[in-house]
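Q:
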Amino acid sequence: MCGIVGAVAQRNITPILIEGLLRLEYRGYDSAGVAVLAEGNGIQRVRAVGKVIELQNALQATPATGHLGIAHTRWATHGKPAEHNAHPHMSGKLAIVHNGIIENHSPLRKKLIELGYQFTSETDTEVVAHLIAHYYSESHDLLDAFRTALGELHGAYALALMHEDQPETLYCARMGSPLVIGQGSDEHYIGSDPLALLQVTDRFRYLEEGDHARLTINTCEIWDRDNLSVDRPLTRYEHAAHSLEKGEYRHYMLKEIFEQPQAIRDTLAGIVGDDHVLTAILGPDAETRLVDIANIHIVACGTSYHAGLVARYWIEDQAGIPCTVEVASEYRYRTVVVPDNTLLITISQSGETADTLAALRFAKDQGYLATLAICNVAGSSLVREADWRLLTHAGPEIGVASTKAFTTQLVALLWLTTALAQVRGKPADQIAANVKALKDLPAIIEQALTLEPRITTLAERFANKHHALFLGRGTHYPIAMEGALKLKEISYIHAEAYAAGELKHGPLALVDEDMPVVSVAPSDALLEKLKSNLEEVRARGGQLITFACETIDQTNDSNHEIINLPFVEGCISPILYTIPLQLLSYHVALVKGTDVDKPRNLAKSVTVE
Ligand code: G6P
Numbered sequence: 174m175c176g177i178v179g180a181v182a183q184r185n186i187t188p189i190l191i192e193g194l195l196r197l198e199y200r201g202y203d204s205a206g207v208a209v210l211a212e213g214n215g216i217q218r219v220r221a222v223g224k225v226i227e228l229q230n231a232l233q234a235t236p237a238t239g240h241l242g243i244a245h246t247r248w249a250t251h252g253k254p255a256e257h258n259a260h261p262h263m264s265g266k267l268a269i270v271h272n273g274i275i276e277n278h279s280p281l282r283k284k285l286i287e288l289g290y291q292f293t294s295e296t297d298t299e300v301v302a303h304l305i306a307h308y309y310s311e312s313h314d315l316l317d318a319f320r321t322a323l324g325e326l327h328g329a330y331a332l333a334l335m336h337e338d339q340p341e342t343l344y345c346a347r348m349g350s351p352l353v354i355g356q357g358s359d360e361h362y363i364g365s366d367p368l369a370l371l372q373v374t375d376r377f378r379y380l381e382e383g384d385h386a387r388l389t390i391n392t393c394e395i396w397d398r399d400n401l402s403v404d405r406p407l408t409r410y411e412h413a414a415h416s417l418e419k420g421e422y423r424h425y426m427l428k429e430i431f432e433q434p435q436a437i438r439d440t441l442a443g444i445v446g447d448d449h450v451l452t453a454i455l456g457p458d459a460e461t462r463l464v465d466i467a468n469i470h471i472v473a474c475g476t477s478y479h480a481g482l483v484a485r486y487w488i489e490d491q492a493g494i495p496c497t498v499e500v501a502s503e504y505r506y507r508t509v510v511v512p513d514n515t516l517l518i519t520i521s522q523s524g525e526t527a528d529t530l531a532a533l534r535f536a537k538d539q540g541y542l543a544t545l546a547i548c549n550v551a552g553s554s555l556v557r558e559a560d561w562r563l564l565t566h567a568g569p570e571i572g573v574a575s576t577k578a579f580t581t582q583l584v585a586l587l588w589l590t591t592a593l594a595q596v597r598g599k600p601a602d603q604i605a606a607n608v609k610a611l612k613d614l615p616a617i618i619e620q621a622l623t624l625e626p627r628i629t630t631l632a633e634r635f636a637n638k639h640h641a642l643f644l645g646r647g648t649h650y651p652i653a654m655e656g657a658l659k660l661k662e663i664s665y666i667h668a669e670a671y672a673a674g675e676l677k678h679g680p681l682a683l684v685d686e687d688m689p690v691v692s693v694a695p696s697d698a699l700l701e702k703l704k705s706n707l708e709e710v711r712a713r714g715g716q717l718i719t720f721a722c723e724t725i726d727q728t729n730d731s732n733h734e735i736i737n738l739p740f741v742e743g744c745i746s747p748i749l750y751t752i753p754l755q756l757l758s759y760h761v762a763l764v765k766g767t768d769v770d771k772p773r774n775l776a777k778s779v780t781v782e
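Just so you know, we're using the numbering used here here: the sequence shown kicks off at 174 and counts up by one.
1. Does the ligand G6P have a heavy atom nearer than 8 Å to the CB of VAL181?
2. Please list, in chain order, all residues of the same chain as SER312 whose beta carbon is under 6 Å from its beta carbon, the five residues on each side excluded.
3. Measuring straight from C-alpha to C-alpha, what distance separates ALA414 and CYS548?
4. Where does ASN230 fall in DSSP's three states?
5. What residue does the alpha helix (DSSP H) around TYR290 start on, and which one ends it?
6. What distance in whole Å lies between the Cβ atoms of LEU343 and HIS361, which are believed to be in contact at a cut-off of 8 Å?
7. Of all the options ASN391, PRO406, ALA386, ARG409, which has the alpha carbon lying nearest to the alpha carbon of ARG398?
8. The ligand G6P and LEU775: does any heavy atom of the ligand fall closer than 8 Å to the residue's C-beta?
9. Is there contact here, the segment 654-661 with the segment 487-495, by at least three beta-carbon pairs under 8 Å?
10. State the beta-bridge partners of PHE377 as determined by DSSP.
11. Name, in chain order, the residues that DSSP records as bridge partners for MET688.
12. Please confirm whether any heavy atom of the ligand G6P lies closer than 8 Å to the CB of GLU432.
13. Quick one: is the Cβ of THR767 within less than 8 Å of any heavy atom of the ligand G6P?
14. Kindly list the residues whose CB is nearer than 7 Å to the CB of ASP513, restricted to its own chain and excluding five residues on each side of it in sequence; keep chain order.
15. Based on DSSP bridge pairs, tell me the residues matched to THR246.
16. How many angstroms separate the CA atom of VAL741 from the CA atom of LEU611?
17. Once the 5 residues before and after THR767 are set aside, which same chain residues still bring their CB inside 8 Å of it?
18. Would you report the Cα separation of ALA632 and GLN229, rounded to the nearest angstrom?
19. From the DSSP output, read off the bridge partner residues of GLU348.
20. For the segment 464-481 and the segment 367-382, state whether three or more C-beta atom pairs, one from each stretch, are separated by less than 8 Å.
21. Relative to the C-alpha of GLU381, which candidate in ASP375, THR389, SER365, ASN391 has its C-alpha closest?
22. Here's the rule I'm using: 16 or more other beta-carbon atoms within 10 Å means buried, otherwise exposed. How should HIS412 be labelled?
23. Any heavy atom of the ligand G6P inside 8 Å of the beta-carbon of GLU148?
24. Bridge partners of HIS385, per DSSP?
25. Can you round the beta-carbon distance between GLU295 and ASN258 to whole angstroms, since I take them to be within the 8 Å contact cut?
26. If I measure Cβ to Cβ from ASN732 and keep anything under 7 Å in the same chain, skipping five residues before and after, which residues do I get?
27. Kindly list the residues whose CB is nearer than 8 Å to the CB of THR719, restricted to its own chain and excluding five residues on each side of it in sequence; keep chain order.
28. State buried or exposed for ALA673, treating a residue as buried only when at least 16 other CB atoms are found within 10 Å of its CB.
29. Find out if the Cβ-Cβ distance for the pair LEU210, PRO340 is shorter than 9 Å.
30. For a test of the three-state rule: what should DSSP assign to ALA414, helix, strand or coil?
31. Determine the closest residue to GLN233 out of ALA492, ARG220, LEU267, ALA762, with distance taken between C-alpha atoms.
32. Look up GLY193 in the DSSP assignment and say whether it is helix, strand or coil.
33. Between the segment 517-531 and the segment 618-629, do three or more beta carbon pairs fall short of 8 Å?
Below is the structure:
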C-alpha cells in the first residue's frame, strides 16, 4: 500500500524523506519517488520502479537537495507499476503525492483534457495535480485552489502538495486515508504513518477526516471540511504500535491483542468511502471482474482457515455467491471441480505457508477465473503469485498464536463481501450499514478489551481442567472453533468446538461438572436455539461460560457465568466475539505457566508441508 512522507525544514530534507520511505517499506509497494524544491532550482523530481534502493541509486545519479519536499511509495491501482505512473505527479510548477483512490477520476480527466491539460500517466492522482493547477491558474490563490479541488474529489485520499511559487510551504489533506503532521524544532513533517517520521520527531498532530493543513517551518494551520480553523492536539508518540518490541506488555500475544483496533483502522484506510467500499484497490477493472464471479473457493490453514469459514456465511448471505472453504493440505491433493467463473481466495498471515502456497500453485491449472491472496505480508510469495491481492495491515505478528492477523483477515473478508454485494446492486442501505459497522469496529473492540480483568479471574477456573468445549452457531461457530484452537495452542488444554446444534449428536456425552463449556451468544436470529442448547448442558451439570450480548436477559448462577459484550449489528459480531476468547486463552496460558509466545511444537510460519 502507498506511503507518504513530506518535510519543510531549514536543513536538506532529502535524507529524511528517504529514511521515511524505508520505514514504510513493510507496507509493500512497487515504485517510489521524491520531489524536492531547492530555491532557485525549481522542483527536482526523481522516480524509480522497484525498491527504495533503486530510488536511492537514481538520486546518486541525479542528486536532489532542498528544504521542502514530498516523497511516496506506490502500490499500483490505476496504471501499471512504471516510472511514469510513480508519484510525485506534477502539473507545471506543482507536485503532489496521493494515497487512496479518486473514484471520479474519469470525468475529471475528461474535463481537464478538454481544458488542454496533457496527461503523462494513467493514474487517478495526476488528475488531482492538474485540477489544483487549473483552479490556481484562475484564482492565483493556492489554498483556495487546493480547497476547490478537494471539494470535487470523490473517494479516499491523503494528499501532499508543494508549488514552486511557495517554496516555504507544504499543503496536505486527509479524507479516508491516514495522515499525521510531525513537529520538530523549526521544521514540520507529514507522514501516512508516524513510524515514517520517528527518526526526526515523536510529536504528532493527527489529522481528522476532511482536514487540510498548511505548514511552514514554524507554523501549522489546520482547517476542517468546512474550512473552519481547528486545533488538533499535539501528542507524544508513546510506543511504536508495530515495532518489534514488546514494550509495556508481558507477551507479544497480549500486545498484539491490544493492537487490534489500530490494525483494523490501518486495514480499512483508503478502501472505504462514506457509505460504500472503494473497489479499485483490486485493480482498475475490479468492478467488472467482481461482477463476473459466479462461485468462490476459499483455501487456507489454521486460524486463516477459520477466517474463511466466517466469510462463507457472509458471502452466501450478502452477495448470494456459492462459496466453499477448505484446508489447503486437503485441497491441494484432491480432484477439485471448478465451476465456470470461480474465484480462488487464499488467506494467509505470512503468505509463505507451504500448503497454502502449494494450493495456489495447484489452482493455477484448474481453470479458475482468477486467484486472490488476502495476506498480511506485502512482499510474500502468496501475494506475488496471486492475480489479485488484498492486504491486511496488522503489522508484524510475532506471537505464534494468531490474533490481530485473524481479525484483520475478517475485516478484509467483510470488505470483500461488501464489494461483491455492491457491484451486484444489492441494497445501498445494506452496503452503507456494512461500511458503518466496519468503521465502528475499532471503538467497539476497545470496549471489549476492557473485559480483561474479568477474564483474568475467569481463567483461574481452568487451572485444573484438561478439556473444554466451545459452542457457537452461524457465523459464531467458526469463532468458537478459533477460540478452541487458541486455547489448545497456548494452554495445551484439549478443546473442541461444535456447532451448538450438534451437541446432542455426541459431545453431550462428555459433559459433566469437570467440563467447562464456553459459548458465544450474540443477539441474533439463532439466539433462542442456542439458549436451548445451553440448557441441555446445564441439565447435565456442565460448567457454562457464556459471552453474551448485553441485551440478552440471562442471569449468572453458580453453574453459569455470563460475561456481557456490547450490542453490535450482525455482520461484525463474529469479529467482536473473537476478542474475549483470545483474552481467555491468553490468561489460561498464564495460569498454566506455558510459553505463551512460543508454544511447544508449533511454528509461526509453516513453510514445510
Ligand atoms: C501456523 C501458525 C498459525 C497460522 C497457520 C497459518 O500453524 O501457528 O497461527 O494460523 O500457520 O498461517 P498463515 O501465515 O498461512 O496464516
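Cβ coordinates follow ideal geometry from the N, Cα and C atoms, glycine included.
A: So, from the data block:
1. On the sequence shown, position 8 is the one that residue 181 refers to. Flag unset: Cβ of VAL181 not near the ligand G6P.
2. Here residue 312 refers to the residue found at position 139 when the sequence shown is read from its first residue. The beta carbon of SER312 sits closer than 6 Å to those of ALA318, all from its chain and outside the five residues before and after it, given in chain order.
3. On the sequence shown, residue 414 is found 241 positions in, with the first residue counted as 1. On the sequence shown, residue 548 is found 375 positions in, with the first residue counted as 1. For ALA414, the predicted model reports a pLDDT of 48, less than 50, meaning its position is unreliable; a value from the coordinates is still stated below. If I take the Cα positions, the gap works out to 19 Å.
4. Position 57 of the sequence shown, counting from 1, holds the residue named residue 230. Helix.
5. As a first step, residue 290 is located in the sequence shown; it is residue number 117 there, counting from the start. Counting along the chain, TYR290 sits inside no alpha helix (DSSP H), nor does DSSP assign it H or E at all.
6. Here residue 361 corresponds to residue number 188 of the sequence shown, with the count starting at 1. Here residue 343 corresponds to residue number 170 of the sequence shown, with the count starting at 1. That pair is a contact at about 7 Å.
7. Start at 1 with the first residue of the sequence shown, and residue 398 comes out as number 225. The option with the nearest alpha carbon to ARG398 is ALA386.
8. Walking along the sequence shown from the start, residue 775 turns up at place 602. Look at LEU775: its beta carbon is less than 8 Å from one of the heavy atoms in the ligand G6P.
9. The answer is no - the segment 487-495 does not touch the segment 654-661, with fewer than three Cβ pairs under 8 Å.
10. Within the sequence shown, the letter at position 204 stands for residue 377. In DSSP, PHE377 forms a bridge with GLY355, THR408.
11. On the sequence shown, residue 688 is found 515 positions in, with the first residue counted as 1. In DSSP, MET688 forms no bridge with anything.
12. What you label residue 432 is simply residue 259 of the sequence shown in a count that begins at 1. No, the Cβ of GLU432 stays beyond 8 Å of every heavy atom of the ligand G6P.
13. As a first step, residue 767 must be located in the sequence shown, where it is residue number 594. False, no ligand heavy atom lies under 8 Å from that Cβ.
14. For the purposes of this step, residue 513 is identified with residue 340 of the sequence shown, where counting begins at 1. Around ASP513: ALA467.
15. On the sequence shown, position 73 is the one that residue 246 refers to. Bridge partners of THR246: GLY176, ALA205.
16. Within the sequence shown, residue 741 is the residue found at index 568, counting from 1. Within the sequence shown, residue 611 is the residue found at index 438, counting from 1. The alpha-carbon atoms of VAL741 and LEU611 are separated by roughly 11 Å.
17. Numbered from its first residue, the sequence shown carries residue 767 at position 594. Close CB contacts of THR767 within its chain, under the 8 Å cut and outside five residues either way in sequence, are with ILE663, SER664, TYR665, ARG773 (chain order).
18. Here residue 632 corresponds to residue number 459 of the sequence shown, with the count starting at 1. Here residue 229 corresponds to residue number 56 of the sequence shown, with the count starting at 1. Near 52 Å, if we compare the C-alpha coordinates of GLN229 and ALA632.
19. Start at 1 with the first residue of the sequence shown, and residue 348 comes out as number 175. According to the sequence as given, residue 348 is Met; it is not Glu. Per DSSP, TYR330.
20. Pairwise C-beta distances place the segment 464-481 out of contact with the segment 367-382, as fewer than three of them are shorter than 8 Å.
21. Numbered from 1 along the sequence shown, position 208 holds the residue referred to as residue 381. Checked all of ASP375, THR389, SER365, ASN391; the closest Cα to GLU381 is SER365.
22. Indexing the sequence shown from 1 puts residue 412 at position 239. Because the pLDDT at HIS412 is just 48, under 50, the model does not fix this residue reliably, and the point stays unresolved.
23. There is no way to answer for residue 148, as the model of the chain reaches only from 174 to 782.
24. The sequence position of residue 385 within the sequence shown is 212, counting from 1. For HIS385, which the question treats as bridged, DSSP gives the partners ALA346, TRP396.
25. Position 122 of the sequence shown holds residue 295. Position 85 of the sequence shown holds residue 258. Separation of the CB atoms of GLU295 and ASN258 is rounded to 6 Å, and the pair is thereby assigned contact status at 8 Å.
26. Within the sequence shown, residue 732 is the residue found at index 559, counting from 1. Within the same chain, Cβ atoms closer than 7 Å to the Cβ of ASN732 are found at ARG711, GLN716, LEU717, the five residues on either side in sequence being excluded.
27. Looking up residue 719 in the sequence shown gives position 546. Non-local C-beta neighbours of THR719 in its own chain, meaning closer than 8 Å and more than five positions away in sequence, comprise VAL691, SER692, VAL693, ALA694, LEU707, GLN727, HIS733, GLU734, ILE735, ILE736, ordered along the chain.
28. Walking along the sequence shown from the start, residue 673 turns up at place 500. Its Cβ being crowded by 16 or more others within 10 Å, ALA673 is buried.
29. Residue mapping note: residue 210 aligns to position 37 of the sequence shown, counting from 1. Residue mapping note: residue 340 aligns to position 167 of the sequence shown, counting from 1. The Cβ atoms of LEU210 and PRO340 sit closer than 9 Å to each other.
30. Your numbering for residue 414 matches position 241 in the sequence shown. Its pLDDT being 48, under 50, ALA414 is placed unreliably in this model, and the coordinates cannot settle the point.
31. As a working note, residue 233 is residue 60 in the sequence shown. Considering only alpha carbons, the answer is ARG220.
32. Residue 193 sits at position 20 when you count from the first residue of the sequence shown. GLY193: helix per DSSP, three-state reduction.
33. Contact between the segment 517-531 and the segment 618-629 is absent, because fewer than three Cβ pairs lie under 8 Å.
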